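See below for the structure under consideration.
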Amino acid sequence: MLMVRCVGELQRVVRTHRSAGATVGLVPTMGFLHEGHLSLIRQANCECDVVVVSIFVNPTQFSDPNDLEAYPRDEARDVELASSAGAHIVFAPDPGEVYPEGFCTTVRIHGPITESLEGAVRGPAHFWGVATVVAKLFSMAQPDVAYFGQKDAQQCVVVRRLVADLDLPVRIEICPTIREPDGLAMSSRNVRLGRDERERALALRAGLAAVESAVEAGERAVDELERVGRAAFVPFGVEPEYFAGVDPMTLHPLSTIERSALFVTAAPVGPVRLLDNVVVAVAAGR
Ligand code: AMP
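Each residue of the sequence shown is one higher than the last, beginning at 479 in this note's numbering.
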């Protein structure tokens, strides 16, 4: 496994592989790897000849400097885990390598996909930071395929939009959310939860599970499903920042489920904000 810190070196190494006919898969991460990240790396390893894992805590997507500071990091452990899951190259640049002096370009995606939900809470600049770093990583690693997790559903929609709008020659693969045995979606931030907070964190999964059960029982009205989902948070003493049923492709609010809906939620629990989502699909006419 090769460790790379410079953009120029990454581009040279990838070019050599590509000119030998190898396909390249990219797994962008902010490090502190867990099974969710490793599932993406394994998928990339199954489908591509060369797997690049980037580890970069991207400062431009953090609006709160304390959150950036507190983001957990353990590079040595990450390199070992990435390698054992099938990474061939770990790209771990310093912030100055990604944003050198004089850097002044931002990829701005407009409209509800960056302004609603997470964009409403954190501001659209969060997703502009994501879009900018993802566009740069694509340009640096020249991947055939890039792997993202459904866990960050809105980010997936933003990345698909970015690729479509800029005609980027990369295929986007979305991999399922990996959960702890009790249903909590894995996240690098979960280590910051205290014991009591870890229990309360199950509110998000409980809210989404309540929606799934209600849909299963025949409910199709999204405002009622949102009410049912929010009600399931109450016993945990957790208040969602948002709990919404939206179109999975456009993120537009839905009034009824015709075919499918994405239910997304975010909630602060102790020192962290947790995100989770579920896609519910119904058979036509049911
Ligand atoms: P992060 O390091 O949090 O920026 O995540 C890097 C990638 O891993 C993103 O595409 C995430 O959506 C994905 N990811 C994070 N957590 C999970 C999870 N529990 N299951 C599947 N993918 C995940």
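Positions of the beta carbon are idealized from the N, C-alpha and C atoms, including for glycine. These numbers were taken from a predicted model, which means no experiment stands behind them.
At 4 residues or longer, and completely inside the stretch 637-702: list those alpha helix (DSSP H) runs for me, N to C. At a cut-off of 4 residues, the continuous stretches assigned as alpha helix (DSSP H) that sit fully inside the stretch 637-702 are 673-678 and 680-694.
Would you report the Cα separation of Pro718 and Arg678, rounded to the nearest angstrom? If you number the sequence shown from 1, residue 718 lands on position 240. If you number the sequence shown from 1, residue 678 lands on position 200. About 12 Å.
Is Asp630 a contact residue of the ligand AMP, with contact defined as CB to any heavy atom under 7 Å? Within the sequence shown, numbered from 1, the residue matching residue 630 stands at position 152. Under cutoff, so the answer is yes.
Can you tell me which of the three DSSP states Arg751 falls into? Looking up residue 751 in the sequence shown gives position 273. Three-state DSSP puts Arg751 in a strand.
With DSSP as the reference, please indicate the residues paired to Tyr720 in a beta bridge. As a working mapping, residue 720 is identified with position 242 in the sequence shown. Answer is Ala744.
State the CB to CB distance for the pair Val689 and Leu671, rounded to an integer number of angstroms; the pair is presumed to be in contact (CB under 8 Å). Working through the sequence shown from its first residue, we reach residue 689 at position 211. Working through the sequence shown from its first residue, we reach residue 671 at position 193. About 23 Å; that fails the 8 Å criterion.
Closer than 7 Å: Ala663 CB and nearest the ligand AMP heavy atom: Position 185 of the sequence shown, counted from the start, is the residue given in the question as residue 663. True, at least one ligand heavy atom lies under 7 Å from that Cβ.
Excluding sequence positions up to five away, which residues of its chain have a Cβ less than 6 Å from the Cβ of Gln620? As a working note, residue 620 is residue 142 in the sequence shown. Counting only Cβ-Cβ distances below 6 Å, and skipping sequence neighbours, we find Val492.
Our contact map puts Lys629 next to Ala681 with C-beta atoms below 8 Å; I'd like the distance itself, whole angstroms only. Against the sequence shown, residue 629 aligns to sequence position 151. Against the sequence shown, residue 681 aligns to sequence position 203. Not really, about 16 Å apart at Cβ, beyond 8 Å.
Mind checking who Phe626 pairs with in its DSSP beta bridge? In the sequence shown, residue 626 corresponds to position 148, counting from 1. Per DSSP, the beta-bridge partners of Phe626 are Ile652.
Proximity to His512 [Cα-Cα], best of Ser562, Gln489 and Ala761: Here residue 512 is taken as the residue at index 34 of the sequence shown, counted from 1. The shortest Cα separation from His512 among Ser562, Gln489 and Ala761 belongs to Ser562.
Measure from the alpha carbon of Ile656 to the alpha carbon of each residue in Ile650, Thr501 and Arg520, then state which is nearest. For the purposes of this step, residue 656 is taken as the residue at position 178 of the sequence shown. With distances taken between CA atoms, Ile656 lies nearest to Arg520 out of Ile650, Thr501 and Arg520.
Should Arg649 be labelled buried (16 or more other beta-carbon atoms within 10 Å of its own) or exposed? Looking up residue 649 in the sequence shown gives position 171. Sixteen is the threshold: since fewer than 16 other Cβ atoms of the shown chains lie within 10 Å of the Cβ of Arg649, the residue is exposed.
Is Gly514 closer than 8 Å to Gly766 when the C-beta atoms are compared? In this structure the chain extends from 479 to 764, so residue 766 is not present and cannot be described.
CB-CB under 7 Å to Asp660, same chain, minus the five flanking residues each way: which ones, in chain order? Your numbering for residue 660 matches position 182 in the sequence shown. Same-chain partners within the cutoff: Leu680.
Among residues of its own chain, excluding the 5 on either side of Val758, which ones have a beta-carbon nearer than 7 Å to its beta-carbon? Position 280 of the sequence shown, counted from the start, is the residue given in the question as residue 758. Cβ contact annotation for Val758 (same chain, cutoff 7 Å, sequence separation greater than five): Val689, Glu690, Val693, Ile735, Ser738, Ala739 and Phe741, in chain order.
Do Ile591 and Val530 count as a contact pair if the criterion is CB distance below 8 Å? For the purposes of this step, residue 530 is identified with residue 52 of the sequence shown, where counting begins at 1. For the purposes of this step, residue 591 is identified with residue 113 of the sequence shown, where counting begins at 1. Not a contact, by the Cβ cut-off of 8 Å.
From Val612 to Val716, what does the alpha carbon distance come to, in whole angstroms? For the purposes of this step, residue 612 is identified with residue 134 of the sequence shown, where counting begins at 1. For the purposes of this step, residue 716 is identified with residue 238 of the sequence shown, where counting begins at 1. C-alpha of Val612 to C-alpha of Val716: approximately 32 Å in a straight line.
If you run the structure through DSSP and keep just helix, strand and coil, what is Leu516? Residue 516 sits at position 38 when you count from the first residue of the sequence shown. Here Leu516 sits in helix by DSSP.
Beta-carbon separation (whole angstroms), Thr528 vs Met481, contact threshold 8 Å: What you label residue 528 is simply residue 50 of the sequence shown in a count that begins at 1. What you label residue 481 is simply residue 3 of the sequence shown in a count that begins at 1. Residue 528 is actually Val in this sequence, not Thr. Not confirmed; about 15 Å, so no contact.
Please confirm whether any heavy atom of the ligand AMP lies closer than 7 Å to the CB of His515. In the sequence shown, residue 515 corresponds to position 37, counting from 1. At least one heavy atom of the ligand AMP is nearer than 7 Å to the Cβ of His515, so yes.
Based on Cα-Cα distance, which residue from Leu504, Pro537, Met479 and Val750 lies nearest to Tyr625? Numbered from 1 along the sequence shown, position 147 holds the residue referred to as residue 625. Residue Leu504 is the option with its Cα nearest to Tyr625.
In the DSSP assignment, find the unbroken alpha helix (DSSP H) run with Pro543 in it and report its ends. Walking along the sequence shown from the start, residue 543 turns up at place 65. Run containing Pro543: Pro543 to Ala548, per the alpha helix (DSSP H) assignment.
Helix, strand or coil for Phe569? Go by DSSP, reduced to three states. Here residue 569 is taken as the residue at index 91 of the sequence shown, counted from 1. Reduced to three states, the DSSP call for Phe569 is strand.
Proximity test, Gln633 beta-carbon vs the ligand AMP heavy atom, cut-off 7 Å: The residue labelled residue 633 in the question sits at position 155 within the sequence shown. Judged by the Cβ position, Gln633 qualifies as a neighbour of the ligand AMP at the 7 Å threshold, a heavy atom of the ligand being closer than this.
From the DSSP output, read off the bridge partner residues of Thr507. Position 29 of the sequence shown, counted from the first residue, corresponds to residue 507. Thr507 is bridged to Ile533.
What is the DSSP secondary structure of Val585, reduced to helix, strand or coil? As a working note, residue 585 is residue 107 in the sequence shown. Three-state result, Val585: coil.
Can you give the Cα-Cα distance for Glu675 and Arg600, rounded to whole angstroms? Counted from its first residue, the sequence shown places residue 675 at position 197. Counted from its first residue, the sequence shown places residue 600 at position 122. Each residue's alpha carbon lies about 22 Å from the other.
Find out if the Cβ-Cβ distance for the pair Asp754, Arg638 is shorter than 8 Å. Sequence index remark: in the sequence shown, residue 754 carries index 276 (1-based). Sequence index remark: in the sequence shown, residue 638 carries index 160 (1-based). Not closer than 8 Å, so no.
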